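Start counting the sequence shown at 1; every next residue gets the next number (the working numbering). Built from N, CA and C at the ideal position, the CB exists for glycine as well. Note that the coordinates shown come from a computational prediction; the quantities given were computed from them, not determined experimentally.
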Amino acid sequence: MFLSVFDIFKVGIGPSSSHTMGPMVAAGRFLDMLRQGPFQPYGLRARLHGSLAFTGVGHATDRATILGLMGFLPDSYDHAKAEAALDQLNTTKTIILNGLPDLVFDPKADLIFDFGPSLPGHANGMVLEALDAQGDVIISETFYSIGGGFVVTADELGGKAQAVDANPVPYPFTSAAEMLEMADATGMSIADMKRKNELSRMSHHALDQGIKRLWDVMNRCISRGLERDGILPGGLNVKRRAADIHRQLLDERGLNMPPPHVVNDWISTYAMAVNEENAGGGQVVTAPTNGAAGVVPAVIRYWLDHVPGATLSRVEEFLLTASAIGGLVKHNASISGAEAGCQAEVGSASAMAAAGLCAVMGGNPKQIENAAEIALEHHLGMTCDPVKGLVQVPCIERNGLGAIKAVSAASLALRGTGDHFVPLDACIETMRQTGGDMSEKYKETALGGLAVNVPNC
1 MFLSVFDIFK
11 VGIGPSSSHT
21 MGPMVAAGRF
31 LDMLRQGPFQ
41 PYGLRARLHG
51 SLAFTGVGHA
61 TDRATILGLM
71 GFLPDSYDHA
81 KAEAALDQLN
91 TTKTIILNGL
101 PDLVFDPKAD
111 LIFDFGPSLP
121 GHANGMVLEA
131 LDAQGDVIIS
141 ETFYSIGGGF
151 VVTADELGGK
161 AQAVDANPVP
171 YPFTSAAEML
181 EMADATGMSI
191 ADMKRKNELS
201 RMSHHALDQG
211 IKRLWDVMNR
221 CISRGLERDG
231 ILPGGLNVKR
241 RAADIHRQLL
251 DERGLNMPPP
261 HVVNDWISTY
271 AMAVNEENAG
281 GGQVVTAPTN
291 GAAGVVPAVI
301 RYWLDHVPGA
311 TLSRVEEFLL
321 TASAIGGLVK
331 HNASISGAEA
341 GCQAEVGSAS
351 AMAAAGLCAV
361 MGGNPKQIEN
371 AAEIALEHHL
381 GMTCDPVKGL
391 VQVPCIERNG
401 LGAIKAVSAA
411 SLALRGTGDH
421 FVPLDACIET
431 MRQTGGDMSE
441 KYKETALGGL
451 AVNVPNC
C-alpha cells in the first residue's frame, strides 16, 4: 500500500494523533456515512474502548469525538469556533449539521467510556451509533484509530474492504531491502524515488506547496513553543520549560566558549517546544504521531540553524526521506503507542529523523538505512506510560532525547560505509514482536510504569 508523505506527516491538533485526531476523523467519516444512508437518524451515541477509554480524558478524546460529530476536522480546526460550538451543545443538547436532520446528543449521557476489555481489532477502538426517536440503534460502525491519525473501520482492518490500486507507483518498495535494491538498480536516492512516487499521484506544484506547508507548520510550532511560558493543562501542573531554556541558551551566546555538549540542549529545546505546544492542544504535524511530533522538526531546525551548509531548499529531501522510513515502519510494524509502546512513536520518529539528516548530510541509501536502524534499535522496548494519561510526562523530554539519538545515529552512519550487522527490516520486525509481547499496562493505558509510580497530582 502506498503511503504518501502527507499520510505520514499530517497537520493536526494536540495532544494525540491516535486519541485526538483519530477520533475526530472517525466521527467525520461516520457523518459522511449517515449522509449517504437511507435512514434519518434522531440522535447520536459514542462508545470509547481500550486505550481510548483509559486515557481518553487526558488525551482529550471525549472532546475530539464530540467536535468530530459536530463537523470539525483536524486539518482545518479553529479553536475559537470549537469552544463556541461546545458551549452551545452543552446548552441545546443538539447537533446541527448540513445534510442531516438536527441530532440529539447529550455529552454527559451519550459519550460513554467503556473500561472493559479492548475491542478485538486494536487497543484504540470506538463505536459510533445513530439512534431513532425510541433510542434504538439504526446504524453502528466500529472504528479503530491505529496511530498517526490513521483511522480504519472494523471491515477495513479485517481486509474486507481493500481498495484496488489502479494507479501503482513507479517505485513500490515495501521493505528496506527492496528500497535499497531499487536505489542500487536506478542510481536514485531514496528521496528521488519517493518524489517520483508522489508525482504519480499529484502535480509538482501540489507536492512542493504541501511539503512547504508541512515545514512551515512545524517551524511555527517550534517558534511558538520557544516563546510561551506557563503551566500545561491537565492537572499535573507541568511547567513549560522550552522558553526558559531557550532564553538561557541565547544569553550564553557570545560569552565564553560553551562546552560542545550544549548543542544537545538546543536540540532538546526545539523538540520540547513542539511537544509543549502539543500538550497544550496546539497545532502540530504528526511526525509520525503527535506524541512524537517534536523529533523530526527539532532535527531539521538543528540542521538549519547549527550545521554549516544547510539550506532551506533541501528540507523537502529530508521530509521525503523521513516519510519513506516512516512508511516502512507503519506498513511492517506500527507507529501506535497503544499497539506497541513508545518504541513505535518516538522510536519511529527518531529513525525517520536520522534518515532525513543522513540524507541531507550527503549519506548514500545504505548509510541512510543504517542511520534509521541505529536510531530505532536503541528505542526497542520503550514503554508508553504517560502519567495521568497526559502527553506530558515522560513524553515531552522523551522527544528531546529521541532527537539527540537521531543526530547521533546519522553521524555514526556517515562515519561508515553503510554495511552493518542488523538490517533495518530485522529491527522493524523486532519492534513489532516486542510490541506484541509487551504487557497492555505499558501501552498507553496509564496503568503501569511511571504512570503508577509517580504521584498524579
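(1) Within the chosen definition, does the region 356-365 reach the region 398-413 through at least 3 CB pairs nearer than 8 Å?
(2) Return the CA-CA distance between Ser-18 and Val-391, expressed in angstroms with no decimal places.
(3) Would you report the Cα separation of Trp-303 and Thr-269, rounded to the nearest angstrom?
(4) Do Ala-494 and Arg-432 have their CB atoms nearer than 9 Å?
(5) Any heavy atom of the ligand COA closer than 8 Å to the Cβ of Ala-53?
(6) Per the contact definition of three or more C-beta pairs closer than 8 Å, is the region 347-355 in contact with the region 200-207?
(7) Could you give the DSSP three-state label for Ala-46: helix, strand or coil?
(8) Throw me the rounded Cβ distance for the Pro-15 and Asn-370 pair, which I believe falls under 8 Å.
(9) Count the other CB atoms, across all protein chains shown, that sit within 10 Å of the CB of Val-495; report buried if there are 16 or more and exposed otherwise.
(10) Whether or not the region 140-159 and the region 112-132 are in contact is what I'm after, with contact meaning three or more pairs of Cβ atoms, one per stretch, closer than 8 Å; do they touch?
(11) Quick one: grab the DSSP three-state call for Val-152.
(12) Please confirm if the region 93-108 is in contact with the region 56-74, defined as three or more CB-CB distances below 8 Å between the two stretches.
(13) Count the other CB atoms within 10 Å of the CB of Thr-311; is the residue buried (16 or more) or exposed (fewer)?
(14) According to DSSP, is Val-454 part of a helix, a strand, or is it coil?
(15) If you count every other CB in all the chains shown that lies within 10 Å of the CB of Arg-195, and 16 or more means buried, which is it?
(16) Could you tell me the distance, in whole angstroms, from the CA atom of Lys-405 to the CA atom of Val-454?
(17) Report the CB separation of Val-5 from Ser-313 in whole angstroms; it is logged as a contact under 8 Å.
(18) Within 10 Å of its beta-carbon, does Leu-232 have 16 or more other beta-carbons around it, so buried, or fewer, so exposed?
(19) Give the single residue among Val-11, Phe-2 and Met-1 whose Cα lies nearest to the Cα of Val-285.
(20) What's the call for Lys-212, buried or exposed, on a 16-neighbour Cβ count within 10 Å?
(21) Flag this pair as yes or no: are the beta carbons of Ala-287 and Ile-8 separated by less than 9 Å?
(22) Secondary structure at Asn-124, three-state DSSP: helix, strand or coil?
(23) Excluding five sequence neighbours on each side, which residues of the same chain lie with their C-beta closer than 7 Å to the C-beta of His-246?
(24) Rounded to a whole number of angstroms, what is the C-alpha to C-alpha distance between Glu-156 and Arg-47?
(25) With a threshold of 8 Å on Cβ separation, who are the neighbours of Glu-276 within its own chain once the five nearest residues in sequence on each side are excluded?
(26) Going by the CB atoms, is the gap between Cys-342 and Val-274 shorter than 9 Å?
(27) Between the Cα of Ile-374 and the Cα atoms of Val-422, Arg-45 and Lys-388, which residue gives the shortest distance?
(28) Can you tell me whether Lys-212 is helix, strand or coil according to DSSP?
(29) Locate the beta strand (DSSP E) running through Ser-140, then write down its first and last residues.
(30) Suppose contacts are defined by Cβ-Cβ distances below 9 Å. Is Ala-109 in contact with Ala-64 by that definition?
(31) Who are the Cβ neighbours of Leu-380 in its own chain at under 8 Å, not counting the five residues just before and after it?
(32) Taking only the alpha-carbon atoms, compute the straight-line gap between Ala-293 and Lys-93 and give it to the nearest angstrom.
(33) Closer than 6 Å by C-beta to Ile-66: which residues in its own chain qualify, once you throw out the five before and the five after it? Chain order, please.
(34) Suppose only complete runs of 3+ residues qualify. What are the beta strand (DSSP E) ranges in the region 1-60, listed by chain order?
(35) Got a sec, what are the start and stop residues for the beta strand (DSSP E) Gln-283 sits in?
(36) Could you give the first and the last residue of the continuous beta strand (DSSP E) run that contains Ile-112?
Reading off the structure:
(1) yes
(2) Walking along the sequence shown from the start, residue 18 turns up at place 18. Walking along the sequence shown from the start, residue 391 turns up at place 391. When rounded, the distance between both Cα atoms is 12 Å.
(3) Here residue 303 is taken as the residue at index 303 of the sequence shown, counted from 1. Here residue 269 is taken as the residue at index 269 of the sequence shown, counted from 1. Each residue's Cα considered, the two are about 14 Å apart.
(4) Given that the chain is displayed from residue 1 to residue 457, the structure contains no residue 494 and the question cannot be resolved.
(5) You won't find the ligand COA in this model; it holds no ligand whatsoever.
(6) At 8 Å Cβ cutoff, the stretches do not touch.
(7) Here the question's residue 46 lines up with position 46 in the sequence shown. Correct three-state label for Ala-46: strand.
(8) Start at 1 with the first residue of the sequence shown, and residue 15 comes out as number 15. Start at 1 with the first residue of the sequence shown, and residue 370 comes out as number 370. At roughly 33 Å, the Cβ-Cβ gap does not stay under 8 Å, so Pro-15 and Asn-370 are not in contact.
(9) Because the chain spans 1 through 457 in this model, residue 495 falls outside it and cannot be assessed.
(10) yes
(11) Within the sequence shown, residue 152 is the residue found at index 152, counting from 1. DSSP places Val-152 in strand when its eight states are reduced to three.
(12) yes
(13) Indexing the sequence shown from 1 puts residue 311 at position 311. With fewer than 16 other beta carbons inside 10 angstroms of its own, Thr-311 counts as exposed.
(14) Against the sequence shown, residue 454 aligns to sequence position 454. In the structure shown, Val-454 sits in coil (DSSP, three-state: anything other than H, G, I, E or B).
(15) By one-based count along the sequence shown, residue 195 stands at place 195. Residue environment for Arg-195: buried (at least 16 other C-beta atoms within 10 angstroms of its C-beta).
(16) Position 405 of the sequence shown holds residue 405. Position 454 of the sequence shown holds residue 454. Taking the straight line from one Cα to the other gives about 26 Å.
(17) Translated into the one-based positions of the sequence shown, residue 5 becomes position 5. Translated into the one-based positions of the sequence shown, residue 313 becomes position 313. Contact flag wrong, Cβ pair sits at about 16 Å.
(18) Locating residue 232 in the sequence shown gives position 232, counting from the first residue. Buried is the call here.
(19) Position 285 of the sequence shown, counted from the start, is the residue given in the question as residue 285. Taking only the C-alpha atoms, the option nearest Val-285 is Val-11.
(20) Reading the sequence shown from its first residue, position 212 is the one you call residue 212. Lys-212 should be labelled exposed.
(21) Along the sequence shown, read from residue 1 onward, the residue named residue 287 stands at position 287. Along the sequence shown, read from residue 1 onward, the residue named residue 8 stands at position 8. A contact, by the Cβ cut-off of 9 Å.
(22) Residue numbering aside, residue 124 sits at position 124 when the sequence shown is read from its first letter. Of the three classes helix, strand and coil, the one that applies to Asn-124 here is strand, per DSSP.
(23) If you number the sequence shown from 1, residue 246 lands on position 246. These residues qualify, in order along the chain: Leu-226 and Thr-269.
(24) In the sequence shown, the residue the question calls residue 156 occupies position 156. In the sequence shown, the residue the question calls residue 47 occupies position 47. One C-alpha to the other measures close to 19 Å.
(25) Residue mapping note: residue 276 aligns to position 276 of the sequence shown, counting from 1. Hits under 8 Å: Gly-225, Arg-228, Leu-232, Arg-240, Arg-241, Ala-242 and Ile-396.
(26) Residue 274 sits at position 274 when you count from the first residue of the sequence shown. Residue 342 sits at position 342 when you count from the first residue of the sequence shown. In this structure, Cys-342 does not lie closer than 9 Å to Val-274 by Cβ.
(27) Numbered from 1 along the sequence shown, position 374 holds the residue referred to as residue 374. The residue with the shortest Cα to Cα distance from Ile-374 is Val-422.
(28) Counted from its first residue, the sequence shown places residue 212 at position 212. Three-state result, Lys-212: helix.
(29) If you number the sequence shown from 1, residue 140 lands on position 140. Residues 137-145.
(30) Within the sequence shown, numbered from 1, the residue matching residue 109 stands at position 109. Within the sequence shown, numbered from 1, the residue matching residue 64 stands at position 64. Result no, Cβ atoms of Ala-109 and Ala-64 do not sit closer than 9 Å.
(31) Here residue 380 refers to the residue found at position 380 of the sequence shown. These residues qualify, in order along the chain: Gln-343, Gly-347, Cys-427, Thr-430, Met-431 and Thr-434.
(32) Position 293 of the sequence shown holds residue 293. Position 93 of the sequence shown holds residue 93. Cα-Cα distance, rounded: 35 Å.
(33) Numbered from its first residue, the sequence shown carries residue 66 at position 66. Hits under 6 Å: Pro-107.
(34) Fully enclosed beta strand (DSSP E) runs of 3 or longer: 11-13 and 43-50.
(35) Numbered from its first residue, the sequence shown carries residue 283 at position 283. Segment 283-285, the beta strand (DSSP E) holding Gln-283.
(36) Sequence index remark: in the sequence shown, residue 112 carries index 112 (1-based). Residues 111-113.
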